[in-house]
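*Asks:* Here the protein sequences come in this chain order: S and X. The numbering used here puts the first residue of the first sequence at 19, with every later residue one more than the last. The numbering used here puts the first residue of the second sequence at 239, with every later residue one more than the last. Ideal placement from N, C-alpha and C gives every residue a C-beta, glycine not left out. As the structure is a prediction and not an experimental result, all values here were calculated from the model.
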Amino acid sequence: MKTHRALVWMVPLGCAAWLGACGVEQPAPQCTVGRGDHAVRYTLKTGTGACARKTAEIVGAQVFREPGSGVPPSLVLKPKPLADNEGKDADPTHSVTSLGDFTTEYPTQERVCEVPEMTEARQVVSPEPGTTVEVSYRWSGLRIQGQAAIPGTQWTAELTYTEGDCTATYEAVGLFPAIKCERQEKDADGKTITVRDPRICEQPRPGLSIDPAFPVSCDESTNLCVLDGQPPVLKP
Amino acid sequence: MNRRLQTTQARVLVAALMLGVCMWMPPALAQQSTSVLTGTVVDASNKQPVADVVVTATSPSLQGEQLAVTDATGLYRLPQLPPGVYTLRFEKEAFQVLARDSITLRLNSTVRFNAELLPEGMSVTVDVVAAAPAVDVGSTRTGVSVDTELMNRLAVVRPGSKGSASRSFESLAELAPGANADAYGVSIGGTTSPENGFLVDGLSTGNPALGILGTPLSAEFIQEVNVITGGFMPEFGRSTGGVMTAVTKSGSNQLHGSVFGNLAPGFLEGTPTRIAREGTVITTRQQLWNLGDFGATLGGPLVQDKLWFFAGVAPSFTRRVLDRGLNAFVLGEDGTVLKGEDGFSLTTPIPNGATRYFADQRSVQYLGKLTWQLHTDHSLSLSVYGTPGSSGGNGRFGYNLDSGAVEVENINGTYEALAHSYQQDARDISLKLSSSFLDKRVLLDANVGWHHQYDNTMPVDGSGIGNAAGLSGTPQFEMRRTGTRAAPNYYSINDFEQLADPSVCDPAGTTNAVRCPVANYFLGGPGFLLDRTVNRYQANAVGTLLLNAMGHHVIKAGVDAEVMTNVDARAYSGRRLIQEATDGKTFTDFRAFGYLLGPDQVEIQPQVNTSTRADAVGAFLQDSWSILDRVTLNAGLRYDTQTIYGTGGDVAFELPNQLSPRVGVVYDFTQKGRSKLFASYARYYQNAVLAMVNSQFSNITRIRATRSRAPLGGGPGCDPLTQAAPYTECADTRNIIPSGGSTTISRLYNQTFAINSPVDPDLKPQSSDEFVVGAEYEVIPRGTLGASYTRRYMNDVIEDMSTNETTNYFIGNPGRGIAEAFDKAVRDYDAVSVYFNKAFADLWLVQASYTWSYLRGNYSGLYRPDANQLAPNVTSDFDLVSMMQNKEGPLPLDRTHAIKVFGAREFVFSPTTSLDVGLSYRGTSGAPLNVQGAHSIYGVGFSFILPRGSGGRLPWVHNVDAHVGLNYKLGRGLTGSLTLDSFNLFNFQAETSRDQNYTFDTVDALVGGKPADLETVKNRGGSAVTLNPNYGKPTSYQTPRSIRFGARVSF
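(1) Just by C-beta distance, which residues in the stretch 228-244 of chain S are closer than 9 Å to chain X?
(2) So which residues on chain X does residue 82 of chain S lean against when the C-beta distance must stay under 7 Å?
(3) Across the stretch 1047-1065 of chain X and the stretch 991-1005 of chain X, are there enough close Cβ pairs to call them in contact, namely three or more that are closer than 8 Å?
(4) Consider the Cβ of residue 596 of chain X: report whether some Cβ of chain S lies at a distance smaller than 7 Å.
(5) Would a C-beta distance cut-off of 7 Å place residue 781 of chain X and residue 866 of chain X closer than the cut-off?
(6) Go ahead and label residue 638 of chain X buried or exposed: buried means 16 or more other beta carbons lie within 10 angstroms of its beta carbon, across all protein chains shown.
(7) Can the beta-carbon of residue 859 of chain X be found less than 7 Å from the beta-carbon of residue 880 of chain X?
(8) Quick one: residues in its chain with C-beta nearer than 6 Å to the C-beta of residue 365 of chain X, no 5 flanking neighbours on either side, listed in chain order?
(9) Do you know how far the Cα of residue 468 of chain X is from the Cα of residue 920 of chain X?
(10) Against chain S, with Cβ distances strictly below 7 Å, would residue 1048 of chain X count as a contact?
(11) Using 8 Å as the Cβ pair cut-off and three pairs as the minimum, do the stretch 642-649 of chain X and the stretch 667-679 of chain X touch?
(12) Which residues bound the beta strand (DSSP E) around residue 134 of chain S?
(13) Excluding five sequence neighbours on each side, which residues of the same chain lie with their C-beta closer than 6 Å to the C-beta of residue 233 of chain S?
(14) Measure the alpha-carbon distance for residue 431 of chain X versus residue 680 of chain X and round it to whole angstroms.
(15) In the DSSP assignment, find the alpha helix (DSSP H) that holds residue 386 of chain X and state where it starts and stops.
(16) Tell me the residue span of the beta strand (DSSP E) that contains residue 80 of chain S.
(17) Cutting at 8 Å between CB atoms, please list the residues of its own chain near residue 509 of chain X, excluding the five before and the five after it.
(18) Nearest-angstrom Cα distance between residue 746 of chain X and residue 1274 of chain X?
(19) How should residue 344 of chain X be labelled, buried or exposed, when 16 other C-beta atoms within 10 angstroms of its C-beta is the threshold for buried?
(20) Between residue 463 of chain X and residue 482 of chain X, what straight-line distance do the alpha-carbon atoms span, to the nearest angstrom?
(21) Say whether the stretch 433-452 of chain X touches the stretch 1159-1179 of chain X, bearing in mind that this needs 3 or more beta-carbon pairs closer than 8 Å, one atom from each stretch.
(22) CB-CB under 6 Å to residue 437 of chain X, same chain, minus the five flanking residues each way: which ones, in chain order?
(23) Near residue 186 of chain S, what residues of its chain come up, given a Cβ to Cβ distance below 7 Å and the 5 sequence neighbours on each side ignored?
(24) If you check the beta carbons only, do residue 1065 of chain X and residue 1095 of chain X fall under 7 Å apart?
(25) Does the stretch 1248-1262 of chain X come into contact with the stretch 528-545 of chain X, if we say contact requires no fewer than three beta-carbon pairs (one atom in each stretch) closer than 8 Å?
(26) Can you find the residues in the same chain that come closer than 8 Å, C-beta to C-beta, to residue 151 of chain S, ignoring five residues on each side of it along the sequence?
(27) Kindly give me the distance between the Cβ atoms of residue 751 of chain X and residue 730 of chain X, rounded to whole angstroms, as I take these residues to be in contact under 8 Å.
(28) Buried or exposed, going by whether 16 or more other CB atoms sit within 10 Å of the CB of residue 976 of chain X?
(29) Measuring only the C-alpha atoms, how far is residue 1173 of chain X from residue 408 of chain X?
(30) Compare the Cα-Cα distances from residue 810 of chain X to each of X:1077, X:712, X:736 and report the closest residue.
(31) Taking 7 Å as the CB-CB limit, is residue 889 of chain X close to chain S?
(32) Less than 8 Å between the CB atoms is what I'm expecting for residue 875 of chain X and residue 849 of chain X, so what's the real figure, rounded?
(33) Please name the residues in the stretch 984-1002 of chain X whose beta-carbon is closer than 8 Å to at least one beta-carbon of chain S, in chain order.
(34) Flag residue 94 of chain S as yes if its beta-carbon sits less than 7 Å from any beta-carbon of chain X, otherwise no.
(35) At 7 Å on the CB atoms, spell out the chain X contacts of residue 55 of chain S, in chain order.
(36) When we look at the beta-carbon of residue 135 of chain S and count the other beta-carbons within 10 Å, is it buried (16 or more) or exposed?
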């Protein structure tokens, strides 16, 4: 009975003494993305032709911040098709990476971090002597989830992709880390062959693993483990 | 002593009845020196209450005397008394005077002494009870009270234990049943030492960063220590372990003082057992050289009956000797190493290879206290005490600040790389007000205090922290070239040191040394450096209301608040700690504070600064209700909340709404205070400490880079064996080997932990529940026999974890919320204790106990005894899901059987000469052992090949300590005494730890495996594992015998 009486006055007292302490949710983690390769799945929005055939690819990502400055961090993205030809474009004004600033250091109420605009990544390469192809990536409207267990591992964005004269827009859905749903196997002749195995996406592995709670599928054309549908935490 | 007294003469009138004495000891957070004497006085002829009886309390520990007058119900109260032995005198006209002496009032206790007064001229046959009952019938508390009687008559505080030179009061906790020493203090009831609460004069003196004891005050300045192991009331909060409350000595109306000295000389230390290990070229043998303290205390009146003082100072010192030897392996004719009978490789000492080092430590303890009796009902006391100290530097090694052990076990490197200079200072100031109102029916105790601690870990050359000059600017190199098993590639000692005769070993530059191979060697600077200041500002107030309503109530309500702060600078000397690859081809910046501002745009920080804070507010209400002197019901509730701020002032996380109900019931079936049956339930919450906030919420990020030993890309290469300090060539960016694939954005520098730790949005504070049931009976006067059963288990635990195998870490509760993928943290403790306590009286005392306990689960506590990792809430117990397998079983601090027997007897030879003899026996059964392998990510020791505890157990450890003290009254109030304490009298040498690494190969857990499965265990590569040659071999033995002499003159 004493206990009950005590409860009646103590809880409010404690709450009053420490305003905001009652029923509080812990602060969100700072905005970031997973450092390394992300598996990005594309859904075509507009465009036709060679530039409109992307399904999934690897994009390198890293966030940079000055610790303790309170300044929102910046994001750098590096798509694999450009990275693979890095150094082959002689024009110093072209960059294989895109750079953009986060709008805030901490996520919004919905636990989302945003990078509205990024610089263009551009590369001019010669697949064959005498021919040149100009490729460019322009990312915008990045929404990156900022939840505690898994910050910066799921995101969506708009991509305007240009290949020569062909321009397409995509909706991009990113997942970190990028893992291939394939494994090595010996065939009947003892030769090592690569076999597609969707189960790999869900298996934990040392170093980098996809969060087992994510809905993941194995992309048909690239054998990349990609997010199935919209990122669950970014669904409106 | 009970005796039946028959009076036949009409004038034999002195008699008294003691119908019931109730003592209860709700240990008060804010009432450390406010024990209470209370009771009712009735007329023996008609049992009616007697009003206006003058009750006088006197005691050697009391400043002046305390008076009270009984009210209309016959009730008197003498609150706010210091602990001690009291005499009560009851006087009223027309009644015979009644005096009762030897009433022992323990720290925090409320003793109820009910008296019957005989009218003048009345003569009766009565029972006279010569001693006050010894059973604490008002409390469910378990534990032990240690007063100066016990401290002075037993061998306590073993030389070599933590804080032993200054004879810190902490180790007195080991006297309690269910308490055992651990690496950082004393483990109580299966918990770890950082979980304990420490209160000195009512204020918390725990280290705000780590939770361990912050002010290791000398037992010399302590009046009484109360070790509470469980069953406590809501007055105590914020810790899931035990609580140690200590009261410092005070002055009184008589001038008292002492001069003392203690010395434990090293040459009397027993011979430690040599640890047989697979041979190493460098060995270090450590022994005590000497250890001691000396000092003086003085206490007395400044103004009689008004103002008193107490002051003490006690410098202490420790020196241990480290004998470093160099050995060469003995080769057979075929050039391979010969094996000895014990299966280990044979070695022979290298001539002139021995070097002697010392590890020195000095500290001073001081205490000053003023007590001012403002008014009969109000007193104010101010205490200031501190323990500044230093160790290491100037060619000496230092002592680890937290464990108190010598900083280095094996001197496998240069002095400059391995040694540090340490300074530390703890300082406490507390101001305490004790007031009583309404005829002492309402009490108020209020404290304000400041606990301040400073410590640093610095280079031995005085170059400080974060500087470019000297050792501060020199990186540390850990040389670890070993090659592989198939192709070993060891350095020779000649690569690192100049031998008198280099020809006894393989020459420098040997590809693979066989005569003098060195697997691990530290060069360069001192590595991690720290300069830290922590503070705790605290205030509390407790009101007590004593009232009668269907029995006696002691109702207490209190509020308290504290602010903890931590400001530190931390650095790696030379900005980085560099680790050699086992193939010797590359060096990695293994630890470096820094960050990237853009792709490979690096800033390596010479030092980083943290500034963190935690605010806590708590309140409690409790009632101790004694019904008919037979049943006492204790009930209460505590509320706590804590908010933790990271560096920069952002909230790191909050631990709100900690509601701790506590209930207990005590039944005295004798109704005379000589027995009790008791049961209690309590919930305890653990406050967060700042160490984890410093590391996880201070925007501290690290940079890694791998450097080529051979010149690369125009760079000079990195080779500490050919380059000189401060190794600027090694730091050249051109040496860095790029890594990663085409999509990697920063290929030279790898940045870890780019953000502060994410926190589970639904994080719950850490807590445990406890049930205690027991019984006590006074079998002989002042001697009680008791038995108790305790059960404790964890609710939520706070730890750092990664659900995606190190991709990122967060702070959460294992098994809940975002950490659902982890096993729930389990630490279950069951214990049965049987004990007998006889306080010092009739020239002897005994404390004996036997405890059977079982501690199991997967969570040890705020430090991880497997590797002595002191990392509250961020140990590596739960880091990865893949490390959860086989983790459940008997925990490292599990000791199934523990026997403790302490006895002392005083022999009086003449009115001036007496001899004290004290004997202690402590026996504990061995700790459980594991079978460990290397984990694929965390490495050696992190994979439990078999379920926890499958490696068997260590043997029993027996310990016999003896104390002899000769006391001689020198006249004029002077007493001289000479004492001799011998610890581990018989120099027993039981194993206290064993190498638990079955293999250094990467092995997956054999879930539910049996020892027989080890024969077929395979490593990750699919081949049979290579056995660690030291597996199962002892790594430490019991501390050898030590002898301490003491001398004291007191008046």
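*Replies:* Looking at the coordinates:
(1) Result list: 228, 229, 230, 231.
(2) By one-based count along the first sequence, residue 82 of chain S stands at place 64. Those are 834, 835, 836, listed as they occur along chain X.
(3) yes
(4) On the second sequence, residue 596 of chain X is found 358 positions in, with the first residue counted as 1. So, not an interface residue.
(5) What you label residue 781 of chain X is simply residue 543 of the second sequence in a count that begins at 1. What you label residue 866 of chain X is simply residue 628 of the second sequence in a count that begins at 1. Not in contact: residue 781 of chain X and residue 866 of chain X (Cβ atoms no closer than 7 Å).
(6) Position 400 of the second sequence, counted from the start, is the residue given in the question as residue 638 of chain X. Result: buried.
(7) Position 621 of the second sequence, counting from 1, holds the residue named residue 859 of chain X. Position 642 of the second sequence, counting from 1, holds the residue named residue 880 of chain X. No, they are not a contact pair.
(8) The residue you call residue 365 of chain X lines up with position 127 of the second sequence. Summary for residue 365 of chain X: the model assigns pLDDT 43, below 50, so the residue's position carries little reliability, and this model does not support an answer.
(9) Residue numbering aside, residue 920 of chain X sits at position 682 when the second sequence is read from its first letter. Residue numbering aside, residue 468 of chain X sits at position 230 when the second sequence is read from its first letter. Straight-line Cα distance between these residues: approximately 9 Å.
(10) Residue 1048 of chain X sits at position 810 when you count from the first residue of the second sequence. Yes, residue 1048 of chain X lies at the interface with chain S (some Cβ there is under 7 Å from its Cβ).
(11) By the Cβ criterion, the stretch 642-649 of chain X is not in contact with the stretch 667-679 of chain X, since fewer than three pairs of Cβ atoms, one from each stretch, lie closer than 8 Å.
(12) For the purposes of this step, residue 134 of chain S is taken as the residue at position 116 of the first sequence. Annotation for residue 134 of chain S: the continuous beta strand (DSSP E) segment containing it runs 130-135.
(13) Within the first sequence, residue 233 of chain S is the residue found at index 215, counting from 1. The answer, listed in chain order, is 246.
(14) As a first step, residue 431 of chain X is located in the second sequence; it is residue number 193 there, counting from the start. As a first step, residue 680 of chain X is located in the second sequence; it is residue number 442 there, counting from the start. So the alpha carbons of these two residues sit roughly 36 Å apart.
(15) Translated into positions along the second sequence, residue 386 of chain X becomes position 148. Residue 386 of chain X -> alpha helix (DSSP H) spans 386-391.
(16) Stepping through the first sequence from its first residue, residue 80 of chain S is reached at position 62. Here the beta strand (DSSP E) through residue 80 of chain S covers 74-82.
(17) Indexing the second sequence from 1 puts residue 509 of chain X at position 271. The residues are 1225, 1278.
(18) Translated into positions along the second sequence, residue 746 of chain X becomes position 508. Translated into positions along the second sequence, residue 1274 of chain X becomes position 1036. Cα to Cα, the separation comes out at about 33 Å.
(19) Walking along the second sequence from the start, residue 344 of chain X turns up at place 106. So residue 344 of chain X ends up on the buried side.
(20) Working through the second sequence from its first residue, we reach residue 463 of chain X at position 225. Working through the second sequence from its first residue, we reach residue 482 of chain X at position 244. Roughly 7 Å separates the two Cα atoms.
(21) no
(22) Translated into the one-based positions of the second sequence, residue 437 of chain X becomes position 199. These residues qualify, in order along the chain: 483.
(23) On the first sequence, position 168 is the one that residue 186 of chain S refers to. Cβ neighbours of residue 186 of chain S beyond the five flanking positions: 62, 64, 65, 69, 70, 179.
(24) The residue you call residue 1065 of chain X lines up with position 827 of the second sequence. The residue you call residue 1095 of chain X lines up with position 857 of the second sequence. Contact flag set, yes.
(25) no
(26) Counting from 1 along the first sequence, the entry for residue 151 of chain S is found at position 133. Contacts found: 142, 143, 144, 145, 181, 182.
(27) Taking the second sequence and counting its residues from 1, one reaches residue 751 of chain X at position 513. Taking the second sequence and counting its residues from 1, one reaches residue 730 of chain X at position 492. Between residue 751 of chain X and residue 730 of chain X the beta-carbon gap is near 4 Å, inside 8 Å, which marks them as a contact.
(28) As a working note, residue 976 of chain X is residue 738 in the second sequence. Result: exposed.
(29) Within the second sequence, the letter at position 935 stands for residue 1173 of chain X. Within the second sequence, the letter at position 170 stands for residue 408 of chain X. One C-alpha to the other measures close to 37 Å.
(30) Walking along the second sequence from the start, residue 810 of chain X turns up at place 572. If we check each option's Cα against that of residue 810 of chain X, X:712 comes out closest.
(31) Walking along the second sequence from the start, residue 889 of chain X turns up at place 651. For residue 889 of chain X, the answer is yes, since a Cβ of chain S falls inside 7 Å of its Cβ.
(32) Along the second sequence, one-based indexing puts residue 875 of chain X at 637. Along the second sequence, one-based indexing puts residue 849 of chain X at 611. Not a contact, Cβ separation roughly 35 Å.
(33) Correct list: 984, 989, 992, 993, 994, 995, 996, 997, 998, 999, 1000, 1001.
(34) As a first step, residue 94 of chain S is located in the first sequence; it is residue number 76 there, counting from the start. Between residue 94 of chain S and chain X, the shortest Cβ-Cβ separation is below 7 Å.
(35) Within the first sequence, residue 55 of chain S is the residue found at index 37, counting from 1. Neighbours of residue 55 of chain S on chain X, chain order: 981.
(36) As a first step, residue 135 of chain S must be located in the first sequence, where it is residue number 117. Exposed, by the Cβ-count rule.
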